[in-house]
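Be aware that the sequence shown starts at 22, since it is given in the numbering used here, and climbs by one per residue. Below is one structure, written out as structure tokens; comments come after it.
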Amino acid sequence: MTSSKFNQLFFSLFEYYTPKIVLIKNTKVGVLNRFVQLAIICYIIGFAIIYNKGYQDFSPIESSVTTKVKGVIYTNYSKNDFDNLVPDTEVYQRIWDTADYVVPPSENNAFFVVTNIVITSNQTQSQCPEDVTIPGAKCVSNIDCHQGSPLVTGNGVLTGRCIKSDMNSTLKACEIYGWCPVERDVNPLKNNKALLAATKKFTVLIKNFVDFPKFKIRRSNIPNFKDPNYLKHCTYHHINNPLCPIFVLEDIVPGDYDQIAVKGAAIAVVIDWQCNFDLSESKCYPTYSFRRLDENSLISPGLNFRYAHFYGDSQRTLYKAYGIKFIIMAQGRGGKFNIVPLLLNIGSGLGLLAVATILCDVVVLYILKKKDLYKSVKFQSVVEDSANNNLGFVKKTRSDFSPDSETSRLK
Numbered sequence: 022m023t024s025s026k027f028n029q030l031f032f033s034l035f036e037y038y039t040p041k042i043v044l045i046k047n048t049k050v051g052v053l054n055r056f057v058q059l060a061i062i063c064y065i066i067g068f069a070i071i072y073n074k075g076y077q078d079f080s081p082i083e084s085s086v087t088t089k090v091k092g093v094i095y096t097n098y099s100k101n102d103f104d105n106l107v108p109d110t111e112v113y114q115r116i117w118d119t120a121d122y123v124v125p126p127s128e129n130n131a132f133f134v135v136t137n138i139v140i141t142s143n144q145t146q147s148q149c150p151e152d153v154t155i156p157g158a159k160c161v162s163n164i165d166c167h168q169g170s171p172l173v174t175g176n177g178v179l180t181g182r183c184i185k186s187d188m189n190s191t192l193k194a195c196e197i198y199g200w201c202p203v204e205r206d207v208n209p210l211k212n213n214k215a216l217l218a219a220t221k222k223f224t225v226l227i228k229n230f231v232d233f234p235k236f237k238i239r240r241s242n243i244p245n246f247k248d249p250n251y252l253k254h255c256t257y258h259h260i261n262n263p264l265c266p267i268f269v270l271e272d273i274v275p276g277d278y279d280q281i282a283v284k285g286a287a288i289a290v291v292i293d294w295q296c297n298f299d300l301s302e303s304k305c306y307p308t309y310s311f312r313r314l315d316e317n318s319l320i321s322p323g324l325n326f327r328y329a330h331f332y333g334d335s336q337r338t339l340y341k342a343y344g345i346k347f348i349i350m351a352q353g354r355g356g357k358f359n360i361v362p363l364l365l366n367i368g369s370g371l372g373l374l375a376v377a378t379i380l381c382d383v384v385v386l387y388i389l390k391k392k393d394l395y396k397s398v399k400f401q402s403v404v405e406d407s408a409n410n411n412l413g414f415v416k417k418t419r420s421d422f423s424p425d426s427e428t429s430r431l432k
């Protein structure tokens, strides 16, 4: 780098730039400038302030949820309705109430409704053949059954004997020591029907209490109507009765309830609070939406778990329960007028007006036919004359923007 270029670069670090106002009487540029300014102002007023409520301060919610499910089923099916592999059909023919199909009785922000169930009654700790559908359970001789070792997905510990299967007389299975007889994991009813599909007509009361801590306001999703019997005769409908907190299960399960009930699913109940406290607090009520959370896949579909009722220490009834888990998600916020966010939104919005100037400068200096003329009046240098303490003005033309250009001093 030569000495002159170094000096030029060094002294350029100590130059000061200030905006210069140039009035350009060009209709096209003027229209563009006003159009961009108008668009920015519409954005500030329409979106940032009105639609996005930029004039309000917001408070998140703190939520608590309780639920109560009601309904009774009588599963009075005939023997012809059951699958042939079901060993005991009488255990399914009974009355089912809330204590039977809501398991566990209480959960945080959720509840589980049993919609299908496999019952294995009168299990005792003894020896019996393993389920032949379990990998490694089939055998030809005792050599195939390693005594004292359990199968990965088996029901007990192998005894080392290979015996005839009680599920298929043409096959042999390894004998186990465990809870016998082993569970037969087949759907109780024929045609892939859910045993407790009638739960779709059950109702659930969802109570949601929310607190807006910043404003010290508390609300509930139960309407403050004067009718004390309102909850006794109302059910939720998204159009006709959107405030009622009592829901029919069939209405809040997206898709075919009868099909979903066979293997179960996870359903989200979203309670959305969007409250404007500039209006009356009594108008602050939530809206509800519902969606399925799990994937309806062929591999391990649905939702299930096992539990048992014990009779003493050596006898039990095993239940494999399929069902729908309803997960309640409360979300939202409350807003109230506050001058601080309003001024912040106006200030940040007005800063965007500089976009109009930048855009018009680009058009004037690089796009219009007379761009060289506009450049000559847009840029001007002021040089201090050290000899006589005067100021000189240097007008830069198009040629002045090249590194080798010369400047003309105007006294």
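We treat Cβ as the ideally placed atom computed from N, Cα and C, and that holds for glycine.
Let me confirm a value: residue i is counted as buried when at least 16 other C-beta atoms fall within 10 Å, else exposed. Which label applies?
i	result
Val-107	buried
Arg-240	buried
Cys-160	buried
Ala-218	buried
Asn-242	buried
Val-52	exposed
Asn-449	The structure shown does not extend to residue 449, since the chain spans only 22 to 432, so no value can be given for it.
Ser-24	exposed
Leu-339	buried
Asp-393	exposed
Cys-149	buried
Val-123	buried
Cys-166	buried
Tyr-76	buried
Asp-152	buried
Val-225	buried
Output the distance between the C-alpha atoms of residue i and residue j, rounded to the nearest integer angstrom.
i	j	result
Glu-111	Asn-208	15 angstroms
Asn-317	Phe-56	51 angstroms
Pro-263	Thr-256	9 angstroms
Arg-354	Phe-311	19 angstroms
Val-290	Ser-162	54 angstroms
Ile-348	Leu-319	23 angstroms
Lys-49	Val-43	16 angstroms
Asn-325	Ile-360	53 angstroms
Val-173	Ser-186	19 angstroms
Leu-30	Lys-357	55 angstroms
Asn-28	Leu-34	10 angstroms
Glu-36	Val-398	19 angstroms
Tyr-113	Tyr-251	37 angstroms
Ile-367	Asp-248	46 angstroms
Phe-331	Phe-230	38 angstroms
Ala-120	Gln-168	41 angstroms
Asp-279	Glu-302	41 angstroms
Phe-314	Ile-140	The residue you asked about is not Phe; residue 314 is Leu in the sequence shown. Taking the straight line joining both Cα atoms gives about 27 angstroms.
Lys-390	Leu-380	16 angstroms
Phe-223	Val-178	42 angstroms
Lys-284	Thr-220	14 angstroms
Asp-104	Cys-296	53 angstroms
Leu-270	Lys-346	11 angstroms
Asn-130	Pro-362	34 angstroms
Ser-84	Ala-351	7 angstroms
Asp-382	Tyr-38	16 angstroms
Identify whether residue i lies in helix, strand or coil by the three-state DSSP scheme.
i	result
Val-225	strand
Ser-369	helix
Leu-44	coil
Asp-279	helix
Thr-256	coil
Val-13	There is simply no residue 13 to check, as the chain begins at 22 and stops at 432 in what is shown.
Leu-177	Rather than Leu, the amino acid found at residue 177 in this sequence is Gly. Correct three-state label for Gly-177: strand.
Phe-331	strand
Pro-171	strand
Cys-201	strand
Ile-349	strand
Lys-26	helix
Cys-166	coil
Ser-33	helix
Asp-382	helix
Thr-428	Reliability fails at Thr-428, whose pLDDT of 34 lies under 50, so the model's placement of it is uncertain and the value that follows must be treated cautiously. Thr-428 falls in the coil class under three-state DSSP.
By DSSP's criteria, residue i is part of a beta bridge. Which residues make up the other side?
i	result
Ser-241	Phe-230
Leu-210	Phe-103
Lys-357	Asp-78
Arg-337	Gln-144, Phe-331
Tyr-343	Asn-137, Asn-325
Lys-185	Lys-193
Hey, would you say the C-beta of residue i is under 7 angstroms away from at least one heavy atom of the ligand NAD?
i	result
Tyr-328	Ligands are entirely absent from the displayed structure, and the ligand NAD is therefore not among its contents.
Within the 8 angstroms Cβ cut-off, does residue i reach chain B?
i	result
Lys-253	The structure shown contains no chain B; it holds only a single protein chain.
Only counting runs of 4 or more residues, tell me where the alpha helix (DSSP H) segments fall wholly within the segment 86-163, in order along the chain.
-> Listed in chain order, the complete alpha helix (DSSP H) runs (minimum 4 residues) inside the segment 86-163 are 119-122.
Mind listing, in chain order, the continuous alpha helix (DSSP H) runs of no fewer than 4 residues lying wholly within the segment 262-329?
-> Counting only runs of 4 or more, we get 270-273, 278-284.
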